[in-house]
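Chemist: In mature numbering (1 follows the signal peptide of the UniProt record, and there is no 0), the protein residues as written are -35 to -1, 1 to 146.
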Amino acid sequence: TRHLQVGFSILDRIQSSVMLRLLVCLWLLVYSGSSYEVQNKPVTEDCLDCLCETMSGCNASAICVNGACGIFRITWGYWVEAGKLTLPTDTALSEDAFTNCVNQPHCAANTVQNYMFKHGQDCNGDEHIDCLDFGALHKLGNLKCQEELPYIFAKVFNRCLKSKERMAEEKIIKEQETVST
C-alpha cells in the first residue's frame, strides 16, 4: 500500500504540474496582446492628430467604413499586426475586441503606436523615420509604404503637418518674447 500511496502522490504532482502549465498557457492565450497601454510610442501627438484628421476628420462616432473603423480607420489586419490591443473589459478573444478598441480613441491611438513601433521604416527615402513615414505606413501598409500616397490623403495630411509646425513655431516665438520682456 505504501508503494501505491507514493504512486498516487507522484501522479497527483504530475497532474498538478500539468494543470498549472495549462492554466498559465490559457492565461497567456487570453491576455497576450490584450493590454491597453503601450510602452513604446514613436508617433508624436501632433502626428496622431494629423493621422486622425486625415483619416476621419477625427469623427469619434463608433463607425466602420469598408472594414476600417474608428478615428484612424483601422482595419482588422492592422489591429492584428499591432498586437490586438483591447479595452480593459475585453480580451483579444472577445468577439467585439477589435471594434471596441479601434472605436475608442485612446486604444486606437495605442494601436497606431504599436503598429508604427513594429513596422517603423523610412518610407520616403530621406534617411530618417518621422511623421511623413508614419502617414505612409498608416495609409499604405508596411509593405507598400514607399509607393505614392493618394493625392487627397497627401494634401490633407501635409496641410495638417504644416499647420502643426506653424503653431509650434508661434508658441516658441511667444515664449521667447515673454522671457525677453
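Ideal Cβ placement from N, Cα and C applies to all residues, glycine included.
Rounded to whole angstroms, what is the Cα-Cα separation between T54 and K109?
Modeler: 34 Å
Chemist: Give the C-beta separation of I36 and A73 to the nearest angstrom, bearing in mind that I take them to be a contact with Cβ-Cβ under 8 Å.
Modeler: 6 Å
Chemist: Taking C-alpha atoms, which residue in L97, K83, V3, N68 lies nearest to D11?
Modeler: L97
Chemist: Taking Cβ to Cβ, would you say C15 is nearer than 8 Å to F122?
Modeler: Yes; because the gap between Cβ atoms is below 8 Å, this pair is in contact.
Chemist: Answer yes or no: does any C-beta atom of chain E fall closer than 8 Å to that of A27?
Modeler: The structure shown has no chain E; it contains just one protein chain.
Chemist: In angstroms, rounded to a whole number, what distance separates the CA positions of A57 and M20?
Modeler: A57 and M20: Cα-Cα distance of roughly 25 Å.
Chemist: Applying the criterion that 16 or more other CB atoms from any shown protein chain within 10 Å of the CB defines a buried residue, is R38 buried or exposed?
Modeler: buried
Chemist: Round the Cβ separation of C34 and V67 to the nearest angstrom and send it over; I've been treating them as touching at under 8 Å.
Modeler: 5 Å
Chemist: Which residue marks the beginning of the alpha helix (DSSP H) containing E112, and which one marks its end?
Modeler: Unbroken run through E112: none, as it is neither H nor E.
Chemist: If you follow the alpha helix (DSSP H) that V67 is in, where does it begin and where does it stop?
Modeler: From DSSP, the alpha helix (DSSP H) with V67 extends over 62 to 67.
Chemist: State whether the segment 43 to 50 contacts the segment 75 to 89, with contact taken as three or more CB pairs (one from each stretch) at a distance under 8 Å.
Modeler: Yes: at least three Cβ pairs fall under 8 Å.
Chemist: If you reduce the DSSP assignment to three classes, tell me which class I28 lands in.
Modeler: Of the three classes helix, strand and coil, the one that applies to I28 here is coil, per DSSP.
Chemist: Between the C-alpha atoms of E134 and T143, what's the straight-line distance to the nearest angstrom?
Modeler: Using only the alpha carbons, I get a separation of about 14 Å.
Chemist: Looking only at its chain, what residues have a beta carbon closer than 8 Å to the beta carbon of L102, apart from the 5 residues adjacent to it on each side?
Modeler: Y80, M81, H84, G85, Q86, C88, C110
Chemist: Determine the DSSP secondary structure at I117, reduced to helix, strand or coil.
Modeler: helix
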